[in-house]
Each structure stands twice: as C-alpha cells, then as structure tokens.
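Sequential numbering of the sequence shown, starting at 27, is according to the working numbering.
See below for the structure under consideration.
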Amino acid sequence: KDQRSAGWGSTDETWKAGGKAPRRPPRTPMGHDTDARVRHKTAVQKQVDSQDRRYLAERIMEREERKGEAEALALNLASDYAKRGGVPKVARVDAPHSKCISAGGFHSAAVDDDGKLWTWGRNEEGQLGLGDAARATTLDFHEPQCVALNDVEGRRMRLVTCGVRVTAAVDENGALWTWGHGRSFLGHDDLHQPELGGCHDIARPRLVRWPSAMDANIRVAAVSLGWSHAAVVDDGGNVYTWGHGGNGRLGHGDEHTRVAPAWVRGVPAGEIAAVAAGGAFTVARSRSGLALAWGAGHCSGQGVLGSHADALAPQIIPRTKEMDVTAVAAGGLHAVLLTRDGGAYTWGWGGCGQLGLGRRAGEAEVVRDPTRVDTQSQKISMVACGAYHTA
C-alpha cells in the first residue's frame, strides 16, 4: 500500500534545534522612526479582531520571555552535535517493537510490545520519570531509558503522550499516570496545596486519583496534553479536563483553574470518541462524526458569521454537520480535522504556514472556518500537530 507523509508550517532553524517557539515573519525595519512605528502598530491592530488581540499579545509576550532560553538551548544542542561529529545520532529502543511513541517540547517517550516505558531527552523537570537522583545528575539523556515503575510492578503500559514539560501514560487497566513539571497541572490536587508544600515536580510516574465524587473505576481510553491543561476520554465516551482555565479551555462554563480531573458536562454523556488539547483550546470528535471545540475564540471554528468570543463550554463546529469527522488534532494556535473521504481541514492562526492553505498568513490572520487543505488528491488517514506546524 502506498503510504506517504507530508508536513507544513514553521521551518525556523531555532525551532528545529529545539527552541520553544519559532520566530515570526520578519518585521519591516523601522529603526528609530517613531511615526513609522505608530503607523505599523495601527495597521496591525486593524487586522486583529478585538477578541483575539489579548490572546495573541499574551503569546507574543511569552515568546519574548522564552527567547533567551530557546537560544541557549540551541547553542547547547549545536555544541553537542559538534562533539558527536556534527551528525545527529539515531536512537534505537532496546525492545522488539514500539507500539506507541510521542514527542513533547524537549523529550520523547515510547511503549514497547511488552508494555515497558522508555523515555529520553530533557529531564530538567523530571518529565522522563527516572527519579530525582537521575534529574540531579543528568540534565539530558541522549539514549532511551527504561522507566522503572516501582509503584506499578507487574503492570504494562498501553499508551504514552508527552507535553511541553510533562508526560502521561495509561496502563493496560485504564489507569492514568502523570509526572514532570508540577506547575503544569498533573492532575494531583495535593501538588497545589500550600500547606502540603505547594507545587513541586514529580520525577516518577504517579497515579492520578479521581475525585471522590467520581467513579473510582474510570478507565481512560485516551489522554491529550495541552500547553497548560489536559483532557482525557474514558472508555464510556465521557470527557474530563483539568489545568489552567483561561479562555474557557476546560469547557466547564467558566475560566476557573482546576487541579484535579473534572467531568465536562457540556457534551452528551457517552458521545465523545477522541479529544485533543491545544494551546488555549480543546477540540473533540463525537462518535456520530461531529467535531466540537471550546476555549480561545480563534479556534472555536464557529465561522466568519459566528461568535468570535472565547467559548466557555463545548460547541459543535457548524461546518462539521455536513461531514463525517474521523480524527482531530490541536496545535498551539491551530487545529485540524480529518473526514471519512480522506479530506484534511484546518483553522485557527496560520502565521507560520501551519494551516497548509497555500499562503503564509500574516501574524494577525485567523481562519475561522475549517478549510480544506489541497492534498493533491491524496487521501489523509492520520494527522498530528506541533505547536506551529502540521504533519
């Protein structure tokens, strides 16, 4: 069977080298010309809808704050490659076959056929799950390391997913385990209680305990990690979210932060088949082939004539009423869905070309309707989003 892959979006060298955010299209040189700066600022503001301006400004500020860290990391990686002769080394997992693999902001993880968990990459916040001793002695691991699951002896992992600085895995019994950066909301409520030490990193896989008001036997079918929130679907088709609640990304009708899983009541019980957590929004696919979204208005998918405000609760994306959606994916500021006929549709912010629509959108441009990507007659069966690119 002919299988091909394609990708589009940011090609920035800093991003390739491991930076946390790509550079945007070059700004027009303005020197110290105050009038030119004012004209430029006014022109940009006119392009941005009022509902998106605040969110995009936050992302720009975040990018500037992380610029120094990204540049330092790029230099460290370049130096490491130079020591190895300038050629990146192929990583081979010492196992028969990897049935699940995921790449995060600065680390990767895989589950082999025997249910063993392997991680490698940056370990500054304990996201590799190798314990505090490993984190204290080694910042980066360039070879896959087998995670010793002392608390889950005899259990086999079924799937794993990596976030920016956190990792989550689901075992064969449907139990959810998380670890890594404590302030990234791991689903452990005691990490955010000042009387118990406040937020702290978890360097070993830790079982997520469901709140007492929920069924203790919930079996997780899938988990997705956003920039500062998480979403899971259980085997009964219900959705649970937790983390930072800004822009309504948790779907609970408000913007409150939640440190433990909470059931999303705005979707029909038992109806959700898949979920994807993005930067400040979440998208989901129903078992009947619809797509829903909630959170930041630029990714609500409500169309040019629809509401551009943040969606605090799940909303059906109108255009998908005419589709049979088979998959959804979420990036930092954009989203993708696939349809039964092999089509790929993108929407959101496209400043790095991540929408794949044949044009490099300006920094302020937002595509509000899922728009079909020209895949040159190729039917698409799988899709994945990075922060600023798509494959």
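Idealized CB from N, CA, C, for every residue including glycine.
A quick note: this is a predicted structure, and the numbers were derived from the prediction, not measured.
Which residue or residues does DSSP assign as beta-bridge partners of residue i?
i, result
"Ile228", "Gly206"
"Met183", "Asp197"
"Arg161", "Partner(s): none; Arg161 has no beta bridge."
"Ile298", "Ser312"
"Phe418", "This structure gives no information on residue 418, because the portion of the chain shown stretches from 27 to 417."
"Ile144", "Checking the displayed sequence, the identity of residue 144 turns out to be Trp instead of Ile. DSSP output for Trp144 lists Ala136 and Cys172 as bridge partner(s)."
"Thr397", "Thr372"
"Asp166", "Arg148"
"Gln341", "Ala319"
"Tyr26", "The requested residue 26 is not part of the displayed model; the chain covers only 27 to 417."
"Thr365", "Val351"
"His282", "DSSP output for His282 lists no bridge partner at all."
Considering only residues of the same chain and omitting the five flanking positions on each side of residue i, which have a CB-CB separation below 7 Å?
i, result
"Asp227", "Glu151, Gly152, Gly206, His207 and Gly208"
"Ala282", "Here residue 282 turns out to be His, not Ala, going by the sequence shown. Within the same chain, His282 has close Cβ partners Gly271."
Quick one: what's got a C-beta closer than 8 Å to residue i's C-beta in the same chain, skipping five residues either side?
i, result
"Thr397", "Tyr371, Thr372, Trp373, Leu381 and Leu383"
"Glu297", "Gly263, Ser312, Arg313 and Ser314"
"Thr164", "Asn149"
"Trp472", "Residue 472 is absent from the structure shown; the chain starts at 27 and stops at 417."
"Val301", "Ala248, Ser250, Ala257, Val258, Val259, Val265, Thr308, Val309, Ala310, Arg311 and Val354"
"Gly213", "Leu202, Thr204, Val234, Ala256, Trp268, Val285, Ala286 and Pro287"
"Asp395", "Gly327, Gly329, Val330, Arg345 and Trp373"
"Ser339", "In the sequence under discussion, the amino acid at residue 339 is Ala, which differs from the Ser named in the question. Counting only Cβ-Cβ distances below 8 Å, and skipping sequence neighbours, we find Gly274, Gly277, His278, Gly279, Gly292 and Trp320."
"Ala242", "Trp236"
"Arg232", "Asp177, Trp203, Thr204, Trp205, Leu212 and His214"
Can you list, in chain order, the residues of its chain whose CB lies under 6 Å from that of residue i, leaving out five sequence neighbours each side?
i, result
"Arg366", "Asp350 and Thr352"
"Ala406", "Sequence check: residue 406 is Ile here, not Ala. Excluding residues within five positions, the ones whose Cβ falls inside 6 Å are Leu364, Gly368 and Ala370."
"Arg181", "Asp197"
"Leu359", "Gly305, Gly374 and Trp375"
"Gly141", "Arg182 and Met183"
"Ile127", "Ala136"
"Leu316", "Ile342 and Thr346"
"Gly237", "For the record, residue 237 in the displayed sequence is Pro; it is not Gly. For Pro237, where only same-chain residues beyond five positions count, the Cβ hits under 6 Å are Ala286."
"Pro114", "Note that Pro114 has pLDDT 42, beneath the 50 cutoff, so the model's placement of it is unreliable and the number below is only indicative. None."
"Gly252", "Ala303 and Gly304"
In angstroms, rounded to a whole number, what distance separates the CA positions of residue i and residue j?
i, j, result
"Gly155", "Leu175", "9 Å"
"Ala201", "Arg235", "9 Å"
"Gly130", "Thr204", "14 Å"
"Ser403", "Gly357", "24 Å"
"Asp280", "Gly377", "29 Å"
"Gln171", "Trp144", "5 Å"
"Asn199", "Thr193", "18 Å"
"Ala337", "Ala303", "14 Å"
"Glu348", "Gln341", "15 Å"
"Arg92", "Ser210", "Because Arg92 carries a pLDDT of 48, less than 50, the predicted location of this residue cannot be relied on, and no value is offered for it."
"Ala299", "Arg230", "29 Å"
"Asp442", "Asp166", "Missing from the structure shown is residue 442; the chain here goes from 27 to 417 and no further."
"Ser333", "Val393", "13 Å"
"Tyr107", "Val173", "Any reading at Tyr107 must be qualified, since the residue scores a pLDDT of 41, below 50, and its modelled position is unreliable; the value itself is stated next. Looking at the two C-alpha atoms, the distance is approximately 26 Å."
"Gly19", "Gly379", "The shown model of the chain, from 27 to 417, leaves out residue 19, and the question about it has no answer."
"Ala160", "Met408", "35 Å"
"Val399", "Ser254", "28 Å"
"Glu169", "Cys325", "37 Å"
"Glu391", "Ala162", "44 Å"
"Ser134", "Val362", "22 Å"
If residue i sits next to residue j, beta carbons under 8 Å apart, how far is it from one beta carbon to the other, in whole angstroms?
i, j, result
"Arg245", "Trp268", "Not confirmed; about 18 Å, so no contact."
"Phe307", "Ala319", "6 Å"
"Gly292", "Gly277", "6 Å"
Please confirm if the stretch 179-188 is in contact with the stretch 257-266, defined as three or more CB-CB distances below 8 Å between the two stretches. no
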